[in-house]
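No gaps in the numbering here: position 115 of the sequence shown is 116 in our numbering, and each next residue is one more. Here is the structure we will look at, set down as structure tokens.
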Amino acid sequence: MSSFLSSSIGKKLIMSLSGIFLVVFVLVHLILNSFLLFDSTGELFNAGAHFMSLPVIRFGLQPVLFGGFIIHIIYAITLTLQNMKARPQKYAVQNLSNSSTWSSRNMFVLGGLVLVFLAMHLMHFFIKMQITGEVPTTMLNGEEVHNGAKLVKDLFTTGTLGLVYTCLYVLGAILLGLHLSHGFWSAFQSIGFSNNIWRKRLEKVSYFYAFFIAAGFTIIPLYLHFFAK
Ligand code: HEM
Numbered sequence: 002m003s004s005f006l007s008s009s010i011g012k013k014l015i016m017s018l019s020g021i022f023l024v025v026f027v028l029v030h031l032i033l034n035s036f037l038l039f040d041s042t043g044e045l046f047n048a049g050a051h052f053m054s055l056p057v058i059r060f061g062l063q064p065v066l067f068g069g070f071i072i073h074i075i076y077a078i079t080l081t082l083q084n085m086k087a088r089p090q091k092y093a094v095q096n097l098s099n100s101s102t103w104s105s106r107n108m109f110v111l112g113g114l115v116l117v118f119l120a121m122h123l124m125h126f127f128i129k130m131q132i133t134g135e136v137p138t139t140m141l142n143g144e145e146v147h148n149g150a151k152l153v154k155d156l157f158t159t160g161t162l163g164l165v166y167t168c169l170y171v172l173g174a175i176l177l178g179l180h181l182s183h184g185f186w187s188a189f190q191s192i193g194f195s196n197n198i199w200r201k202r203l204e205k206v207s208y209f210y211a212f213f214i215a216a217g218f219t220i221i222p223l224y225l226h227f228f229a230k
């Protein structure tokens, strides 16, 4: 078993499974964040965030989520290094553009940039809401809860920095979309959906999913910056 997990195929499989897990997380995260678009009072978003901070989720699911990220990153680095060792020189004639997409050739760089975005993003919200507690509060059904909706709105609307963060979040969404456009179908291909029919279907689903995620995470900061009161 351990020799399988340390083989290239085993590593690719683990990366794919952790990637699929993150694909599901990103979709759930977008759905929760979209509450900010549909309810300007922020109550719906705060109720969702409050639910996600219940001990069963916080101590049960969050470690799994961060574990998923760490495994995905560690395996991405080891597989990339392994591939570089196996093929130290780039092909003499580079005409890969017909058979592969730009995203597929730049997955490592795109993933790295998404990670930089994620580090900044966690400092904006997660650290404040879950660790330092530097977050305004509000009443929800007679209970005092974190006002995460205000924290998010303030980030995108306060002064010149509000515009800077809006642009950075739009950029982060585009980078994530590009990373997912290849990662989604590549992960499914690695777990066995590799015949011609499935490959074409998955490519379409993959582009649709990546576009949906990028568009969703783009609209939220833009809406909050330009239209939220
Ligand atoms: C419009 C864009 C986004 C907004 C408004 C947003 C909002 C938030 C908020 C408020 C939290 C803290 C939740 C809490 O601790 O209760 C959070 C956490 C988190 N976000 Fe985002 N997010 C956005 C985009 C993203 C993207 C694109 C990713 C993935 C690359 C991401 C990944 C995470 C992760 C991993 C956490 C920590 C786990 C969690 O608390 O659920 N977020 N986000």
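All residues carry an ideal CB built from backbone N, CA and C; glycine is no exception.
Looking at the structure shown, is residue i part of a helix, part of a strand, or coil, going by DSSP?
{"i": "VAL146", "result": "strand"}
{"i": "LEU141", "result": "strand"}
{"i": "PHE194", "result": "coil"}
{"i": "SER101", "result": "coil"}
{"i": "LYS230", "result": "coil"}
{"i": "GLU44", "result": "helix"}
{"i": "GLY68", "result": "helix"}
{"i": "SER35", "result": "coil"}
{"i": "THR159", "result": "coil"}
{"i": "GLY113", "result": "helix"}
{"i": "ARG88", "result": "coil"}
{"i": "SER54", "result": "coil"}
{"i": "VAL136", "result": "coil"}
Between the options, which lies nearest to residue i when the distance is taken from Cα to Cα?
{"i": "ASN34", "options": "VAL24, ALA48, SER182", "result": "ALA48"}
{"i": "MET154", "options": "PHE126, LEU181, TRP186, LEU179", "result": "Correcting the residue type first, residue 154 is Lys in the shown sequence and not Met. Among PHE126, LEU181, TRP186, LEU179, the Cα nearest to that of LYS154 is on PHE126."}
{"i": "SER105", "options": "LEU119, PHE60, PHE227, SER187", "result": "SER187"}
{"i": "THR139", "options": "ILE32, GLY43, GLN131, THR133", "result": "GLY43"}
{"i": "ILE72", "options": "PHE22, VAL110, THR133", "result": "PHE22"}
{"i": "LEU82", "options": "GLY69, LYS12, THR161", "result": "LYS12"}
{"i": "VAL146", "options": "PHE60, MET130, THR161", "result": "MET130"}
{"i": "ALA216", "options": "ASN196, VAL25, VAL206, ALA174", "result": "ALA174"}
{"i": "THR79", "options": "PHE46, LEU6, PHE189", "result": "LEU6"}
{"i": "TYR1", "options": "VAL29, ASN84, THR219", "result": "There is simply no residue 1 to check, as the chain begins at 2 and stops at 230 in what is shown."}
For residue i, which residues of its own chain have a beta-carbon under 6 Å away from its beta-carbon, when the five flanking residues on both sides are left out?
{"i": "LYS151", "result": "PRO137"}
{"i": "LEU177", "result": "VAL115"}
{"i": "LEU225", "result": "LYS154, PHE157"}
{"i": "MET121", "result": "none"}
{"i": "PHE70", "result": "none"}
Excluding sequence positions up to five away, which residues of its chain have a Cβ less than 8 Å from the Cβ of residue i?
{"i": "SER41", "result": "ALA229, LYS230"}
{"i": "VAL27", "result": "LEU177, LEU181, ILE214"}
Apart from the five residues just before and just after residue i, which ones in its own chain have a Cβ nearer than 7 Å to its Cβ?
{"i": "MET16", "result": "HIS73, TYR76, ALA77, LEU80"}
In chain order, each alpha helix (DSSP H) run of at least 4 residues that lies wholly inside the region 197 to 229 | Here the runs fully enclosed are 197 to 227.
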